[in-house]
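**Student:**
In full-length UniProt numbering, the protein residues as written are 1 to 507.
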């Protein structure tokens with residue numbers, strides 16, 4: 001049996017149970033993710049006491065979570081609480097009653113710990129090396145600043161979306177006067193942190209409010225792929241959304257595509273905090289991360305406090321993806337060898353620029369080429385494109401992910417055109433040209449290992465009498481590879497407008 005670990009995150013707005021399962025390659029995979037809207041912050045009295053009603057809400061949810069945990073035979077459970085329980089003067093009584101009635105031990109994260117785990121997850125799952133992280137909860141807001149992936153400053157503000165709504169919004173909409181007071185409050189809070197001012201670094205936003213902002217923007221722009229992790233918005237996009245949403249009341253907000261109904265009454269304070277932070281820091285972009293506190297906790301548990309380089313982040317994510325779809329690693333290593341040889345050989349003929357960026361994308365596509373065979377070999381191209389275009393790959397931006405999907409699924413010019421149609425505005429003419437050339441190049445590499453026996457030991461590219469000659473050296477019969485090469489070379493010949501000839505040498 002695989003080992004399973006659960007993390008229960010007791011937040012001020014929501015309480016969430018996530019069950020992780022260890023894999024054979026030493027990583028963890030999210031198995032279950034259960035959310036309950038508790039709004040514990042609203043049960044915190046003016047005297048700082050979590051009311052009996054609030055405690056009963058907490059206990060009820062934890063009893064329900066225990067049933068899920070028992071069903072999955074979870075070996076280890078870690079329960080953590082953040083702002084509301086941290087701020088509650090009766091926290092000792094809460095912890096005692098929870099343990100007595102549910103057998104769950106709650107540890108209360110300090111403000112510094114809460115900020116750290118959000119930052120830790122963000123820098124280990126995105127390609128941002130220098131920037132801010134912000135996590136708006138129900139009762140607190142954590143902000144960090146990091147350089148070269150190392151944390152430099154952190155702070156936890158004692159306000160969140162629920163407390164801001166209670167303090168500044170009286171009715172079922174945000175009035176102009178209330179908005180002005182809210183903005184002034186937020187700015188005054190930011191002014192207490194000199195290290196925030198005009199860093200001109202990107203902001204990584206974590207948590208449910210950030211996720212909803214991204215989902216709304218994707219819905220309004222008919223975004224063609226799934227997932228908000230590493231989704232980027234410009235300051236202008238945030239400003240436009242703010243202008244659209246601020247005049248709406250809660251009933252109207254509930255109808256907005258991408259916005260969860262349980263966040264309709266708290267999205268406006270969150271959006272205002274995001275917008276004012278962008279203005280105050282001079283951030284050039286606003287990036288969303290689906291990985292936050294819980295992911296930071298599980299990452300520390302499995303990997304310690306190691307901060308991964310961007311290359312390591314991508315490699316870990318690709319390895320996990322390969323494991324999930326049962327890739328043939330021997331064949332994939334041969335694909336990497338072949339594509340490097342072909343890319344360099346054709347490049348040396350001056351057919352394209354030999355730069356590390358294009359090689360990196362080609363290698364990633366080669367490693368994942370026809371991943372969809374795991375689902376159905378007859379429609380592997382379609383499955384490959386759909387999986388890779390919509391599957392989160394840590395450290396790889398959405399545009400590059402689509403480029404990898406287009407290359408790794410290449411079947412012919414017609415299918416490439418079909419898959420590319422929704423994304424044409426993402427790519428320049430030169431980038432489209434390279435995709436049309438690199439897709440056939442990958443198909444050629446695939447044909448040279450058609451039987452997955454790794455029989456080709458070397459490849460060289462030359463020119464003879466105006467033709468491109470691909471010379472391969474092998475030690476075994478390659479009848480199948482020769483047949484597939486002759487069948488597939490036409491795609492690259494059309495793209496390059498050159499004839500390609502195969503020469504075979506026995507070693």
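Every residue gets a Cβ at the ideal spot worked out from N, C-alpha and C, and that includes glycine.
A quick note: this is a predicted structure, and the numbers were derived from the prediction, not measured.
Given that a residue counts as buried once 16 or more other Cβ atoms are within 10 Å of its Cβ, and exposed if not, what is residue 10?
**Tutor:** Taking the first residue of the chain shown as 1, we reach residue 10 at position 10. By the 10 Å Cβ count, residue 10 comes out buried.
**Student:** State the DSSP-derived secondary structure class of residue 322, mapped to helix, strand or coil.
**Tutor:** Against the chain shown, residue 322 aligns to sequence position 322. Helix at residue 322.
**Student:** From what residue to what residue does the alpha helix (DSSP H) around residue 57 run?
**Tutor:** As a working note, residue 57 is residue 57 in the chain shown. First-last of the alpha helix (DSSP H) with residue 57: 52-71.
**Student:** Any idea what DSSP makes of residue 383, helix, strand or coil?
**Tutor:** Looking up residue 383 in the chain shown gives position 383. It is helical.
**Student:** Can you grab the Cα-Cα spacing for the pair residue 124 / residue 412, in whole Å?
**Tutor:** Stepping through the chain shown from its first residue, residue 124 is reached at position 124. Stepping through the chain shown from its first residue, residue 412 is reached at position 412. Distance between the alpha carbons of residue 124 and residue 412 is about 36 Å.
**Student:** Go to residue 147, then tell me how far its beta strand (DSSP E) extends in each direction, as first and last residue.
**Tutor:** Here residue 147 is taken as the residue at index 147 of the chain shown, counted from 1. 141-147 is the extent of the beta strand (DSSP E) around residue 147.
**Student:** Since residue 271 contacts residue 241 with CB under 8 Å, what's their CB separation in whole angstroms?
**Tutor:** In the chain shown, counting from the first residue as 1, residue 271 sits at position 271. In the chain shown, counting from the first residue as 1, residue 241 sits at position 241. The pair is a contact, with the Cβ atoms about 7 Å apart (cut-off 8 Å).
**Student:** In the structure shown, what three-state DSSP assignment does residue 216 receive?
**Tutor:** As a first step, residue 216 must be located in the chain shown, where it is residue number 216. Helix.
**Student:** Determine, using beta carbons only, whether residue 371 and residue 387 come nearer to each other than 8 Å.
**Tutor:** Taking the chain shown and counting its residues from 1, one reaches residue 371 at position 371. Taking the chain shown and counting its residues from 1, one reaches residue 387 at position 387. Against a cut-off of 8 Å, the Cβ pair of residue 387 and residue 371 comes out as a contact.
**Student:** Entirely within the segment 207-272 and at least 4 residues each: give me those alpha helix (DSSP H) ranges in chain order.
**Tutor:** Here the runs fully enclosed are 208-220, 235-245 and 250-253.
**Student:** Using a Cβ-Cβ cutoff of less than 6 Å, which residues in the same chain neighbour residue 340 once the five nearest sequence positions on both sides are dropped?
**Tutor:** Here the question's residue 340 lines up with position 340 in the chain shown. There are no such residues.
**Student:** Return the residue from the list 14, 25, 5 and 21 that minimises the CA-CA distance to residue 327.
**Tutor:** The residue labelled residue 327 in the question sits at position 327 within the chain shown. Minimum Cα distance to residue 327 is reached at 25.
**Student:** Along the beta strand (DSSP E) that carries residue 394, what are the first and last residues, could you check?
**Tutor:** For this step, residue 394 is matched to residue 394 along the chain shown. Unbroken run through residue 394: none, as it is neither H nor E.
**Student:** Under 8 Å by Cβ, that's how I've got residue 227 and residue 390 pegged, so tell me the actual separation to the nearest angstrom.
**Tutor:** For the purposes of this step, residue 227 is identified with residue 227 of the chain shown, where counting begins at 1. For the purposes of this step, residue 390 is identified with residue 390 of the chain shown, where counting begins at 1. Rounded, the Cβ-Cβ distance is 6 Å, consistent with contact.
**Student:** When the distance is taken between beta carbons, is residue 274 closer than 8 Å to residue 288?
**Tutor:** Locating residue 288 in the chain shown gives position 288, where the first residue counts as 1. Locating residue 274 in the chain shown gives position 274, where the first residue counts as 1. Not a contact, by the Cβ cut-off of 8 Å.
**Student:** When we look at the beta-carbon of residue 195 and count the other beta-carbons within 10 Å, is it buried (16 or more) or exposed?
**Tutor:** The count along the chain shown starts at 1 and reaches residue 195 at position 195. With fewer than 16 Cβ atoms within 10 Å of its Cβ, residue 195 is classed as exposed.
**Student:** Counting C-beta neighbours from all protein chains within 10 Å, is the total for residue 506 16 or more, i.e. buried, or is it exposed?
**Tutor:** What you label residue 506 is simply residue 506 of the chain shown in a count that begins at 1. By the neighbour-count rule (16 or more Cβ atoms within 10 Å), residue 506 is not buried but exposed.
**Student:** Please state the DSSP three-state secondary structure of residue 370.
**Tutor:** Locating residue 370 in the chain shown gives position 370, counting from the first residue. Correct three-state label for residue 370: coil.
**Student:** Note down the Cα distance separating residue 203 from residue 503, rounded to an integer number of angstroms.
**Tutor:** As a working note, residue 203 is residue 203 in the chain shown. As a working note, residue 503 is residue 503 in the chain shown. Taking the straight line joining both Cα atoms gives about 53 Å.
**Student:** Does the distance from the CB of residue 114 to the CB of residue 142 come in under 8 Å?
**Tutor:** By 1-based counting over the chain shown, the position of residue 114 is 114. By 1-based counting over the chain shown, the position of residue 142 is 142. For residue 114 and residue 142, yes; Cβs fall inside 8 Å.
**Student:** Which runs of the alpha helix (DSSP H) spanning at least 4 residues fall entirely within the segment 291-322, listed in chain order?
**Tutor:** DSSP runs (the alpha helix (DSSP H)) wholly in the segment 291-322: 293-303.
**Student:** Could you tell me the boundaries of the beta strand (DSSP E) in which residue 132 lies?
**Tutor:** Within the chain shown, residue 132 is the residue found at index 132, counting from 1. Per DSSP, residue 132 belongs to the beta strand (DSSP E) from 131-136.
**Student:** In the DSSP assignment, find the beta strand (DSSP E) that holds residue 488 and state where it starts and stops.
**Tutor:** By one-based count along the chain shown, residue 488 stands at place 488. Looking at the DSSP string, residue 488 is not in any beta strand (DSSP E); the run it does join, the alpha helix (DSSP H), is 479-496.
**Student:** The beta strand (DSSP E) spanning residue 464 covers which residue range?
**Tutor:** Position 464 of the chain shown holds residue 464. It spans 456-464 - the beta strand (DSSP E) in which residue 464 sits, taken as one unbroken run.
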